[in-house]
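Notes for the one structure printed next.
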């Protein structure tokens, strides 16, 4: 009979059971970890390198890239952010990106800072980014800066599918998407569009221009997007654009303040203004 310890209980080796829900990050595949990291601001994504040996370099190949500055974000100014971002882009070594969000709030109208933003955009384009969101707010008191143009050259990408712009001054180069054959969704909010003459995209299917964008009060600019399926347009200042025929259009929501379109008075209608169909030509 086996010997008993004092108290009459048999000796046994106890094995610790794993705690439910306490699985290590090591059990997750790289694809899942990359996806999780894509939701973190860039600074926080880099800090995950201290979570373990396996996490040390995962952030370099995360599928999402988020650069945030201003308000309650960690970086309070572009000067604080620029060194970090440029080192990070260098260390990523061109790893492919699914999405990139650049949100810069309450920044100065500094020419050097604006040049850096353009360089960051060109860099993420080289990373084959599919979704790009650029939001800027300058501390000039206005919704956009007259000094900051997205770029002097058209965007060129075989991979970009969705583009979101907010708070920029747009010119013809900014909205010439003939070099983006995969672009399907374009959202523009609170942008200056005073210098536009035309917007071109053969591939675009969804176009949204909302949020107090400012149009020219002179010649209208033309939108050439023949494969558009969905359109949302708000005009609060200036003249609405003219659209080339869109035979595939399924839905459209258009809100135009008085003065944004051509009106004429019809004497047979007791002098009430009647809408002149100059916004959409025949063949819509």
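In the numbering used here, the protein residues as written are 1196 to 1479.
All C-beta atoms in this analysis are idealised placements derived from N, C-alpha and C, irrespective of residue type, glycine included.
These numbers were taken from a predicted model, which means no experiment stands behind them.
(request) Using DSSP bridges, identify the partner residues of residue 1295. (result) What you label residue 1295 is simply residue 100 of the chain shown in a count that begins at 1. Residue 1295 pairs with 1260, 1327.
(request) Whole angstroms is fine: what's the gap from residue 1434's alpha carbon to residue 1310's? (result) Counted from its first residue, the chain shown places residue 1434 at position 239. Counted from its first residue, the chain shown places residue 1310 at position 115. Rounded to whole angstroms, residue 1434 to residue 1310 spans 30 Å at the Cα level.
(request) Can you check DSSP and say which residues form a bridge with residue 1403? (result) Taking the first residue of the chain shown as 1, we reach residue 1403 at position 208. Paired residue(s): 1382, 1427.
(message) So for residue 1432, helix, strand or coil by DSSP?
(response) To locate residue 1432, count along the chain shown from 1; it is residue 237. Strand at residue 1432.
(message) Buried or exposed, going by whether 16 or more other CB atoms sit within 10 Å of the CB of residue 1410?
(response) Against the chain shown, residue 1410 aligns to sequence position 215. It counts as buried.
(message) My output table needs one value for residue 1306: the three-state DSSP class, helix, strand or coil.
(response) On the chain shown, position 111 is the one that residue 1306 refers to. Note: residue 1306 maps to helix in three-state DSSP.
(request) Please go through the same chain and pick out, in chain order, the residues whose beta-carbon is closer than 8 Å to the beta-carbon of residue 1351, but skip the five residues on each side of it. (result) As a first step, residue 1351 is located in the chain shown; it is residue number 156 there, counting from the start. Same-chain partners within the cutoff: 1320, 1374, 1375.
(message) Helix, strand or coil, according to DSSP, for residue 1393 in the structure here?
(response) As a position in the chain shown, residue 1393 is number 198, starting the count at 1. If DSSP states are grouped into helix, strand and coil, residue 1393 belongs with the strands.
(request) Please state whether DSSP places residue 1418 in a helix, a strand or coil. (result) Against the chain shown, residue 1418 aligns to sequence position 223. Residue state, collapsed to three classes: strand.
(request) Alpha carbon to alpha carbon, how far is residue 1294 from residue 1371? Give it in angstroms, no decimals. (result) By 1-based counting over the chain shown, the position of residue 1371 is 176. By 1-based counting over the chain shown, the position of residue 1294 is 99. Cα-Cα distance, rounded: 21 Å.
(message) Let's test the definition: count the other Cβ atoms within 10 Å of the Cβ of residue 1396 and tell me whether it reaches 16, buried, or not, exposed.
(response) If you number the chain shown from 1, residue 1396 lands on position 201. The residue is buried, with at least 16 neighbouring Cβ atoms inside 10 Å.
(request) Assuming residue 1481 contacts residue 1431 (C-beta within less than 8 Å), just tell me the rounded distance between them. (result) Because residue 1481 is not part of the residues shown, which for the chain are 1196 to 1479, the question remains open.
(request) Apply the 10 Å Cβ neighbour rule to residue 1384 and answer buried if 16 or more other Cβ atoms are within range, or exposed otherwise. (result) What you label residue 1384 is simply residue 189 of the chain shown in a count that begins at 1. It counts as buried.
(message) Please report the distance separating the alpha-carbon of residue 1282 from that of residue 1234.
(response) Residue 1282 sits at position 87 when you count from the first residue of the chain shown. Residue 1234 sits at position 39 when you count from the first residue of the chain shown. Between residue 1282 and residue 1234, the C-alpha separation is close to 20 Å.
(request) Starting from the C-beta of residue 1443, find all residues in its chain whose C-beta is less than 7 Å away, skip the five residues before and the five after it, and write them out in chain order. (result) The sequence position of residue 1443 within the chain shown is 248, counting from 1. Once the five neighbours on either side are set aside, the close Cβ partners of residue 1443 are 1422, 1423, 1424.
(request) Compare the beta carbon distance of residue 1262 and residue 1280 with 8 Å and say whether it is the shorter of the two. (result) As a position in the chain shown, residue 1262 is number 67, starting the count at 1. As a position in the chain shown, residue 1280 is number 85, starting the count at 1. Yes, the pair counts as a contact, with Cβ atoms nearer than the cut-off.
(message) For the alpha helix (DSSP H) containing residue 1241, name the first residue and the last one.
(response) Against the chain shown, residue 1241 aligns to sequence position 46. Note, residue 1241: alpha helix (DSSP H), 1237-1242.
(request) Leaving out five residues on either side along the sequence, give the residues of the same chain with a beta carbon under 6 Å from the beta carbon of residue 1284. (result) Position 89 of the chain shown, counting from 1, holds the residue named residue 1284. So the qualifying residues of the chain are 1318.
(request) Determine the DSSP secondary structure at residue 1333, reduced to helix, strand or coil. (result) Mapped onto the chain shown, residue 1333 falls at position 138. In the structure shown, residue 1333 sits in a strand (DSSP, three-state: E or B).
(request) Check residue 1358 in the structure and name its three-state DSSP category. (result) In the chain shown, the residue the question calls residue 1358 occupies position 163. Strand.
(request) Count the other C-beta atoms from every protein chain shown that fall within 10 angstroms of the C-beta of residue 1332, then say buried if there are 16 or more, exposed otherwise. (result) Stepping through the chain shown from its first residue, residue 1332 is reached at position 137. It counts as buried.
(request) Assuming residue 1365 contacts residue 1381 (C-beta within less than 8 Å), just tell me the rounded distance between them. (result) Taking the first residue of the chain shown as 1, we reach residue 1365 at position 170. Taking the first residue of the chain shown as 1, we reach residue 1381 at position 186. Contact doesn't hold; Cβ gap of about 11 Å is too wide.
(request) Go through its chain and collect everything with a Cβ distance to residue 1273's Cβ below 6 Å, but skip five positions before and after it. (result) Counted from its first residue, the chain shown places residue 1273 at position 78. Closer than 6 Å at Cβ, skipping near neighbours: 1302, 1308.
(request) Could you spell out the range, first to last residue, of the alpha helix (DSSP H) harbouring residue 1445? (result) Taking the first residue of the chain shown as 1, we reach residue 1445 at position 250. Element bounds for residue 1445: n/a, residue is neither H nor E.
(request) Could you tell me which of 1292, 1356, 1360 sits nearest to residue 1299, measuring between CA atoms? (result) For this step, residue 1299 is matched to residue 104 along the chain shown. That would be 1360, whose Cα lies nearest to the Cα of residue 1299.
(request) Check the DSSP bridge columns for residue 1388 and list the partner residues they point to. (result) Sequence index remark: in the chain shown, residue 1388 carries index 193 (1-based). In the DSSP output, where bridge partners are listed per residue, residue 1388 has 1410.
(message) For a test of the three-state rule: what should DSSP assign to residue 1510, helix, strand or coil?
(response) With the chain covering only 1196 through 1479, there is no way to say anything about residue 1510.
(message) Assuming residue 1275 is part of the alpha helix (DSSP H), what are its boundary residues?
(response) Taking the chain shown and counting its residues from 1, one reaches residue 1275 at position 80. Run containing residue 1275: 1273-1287, per the alpha helix (DSSP H) assignment.
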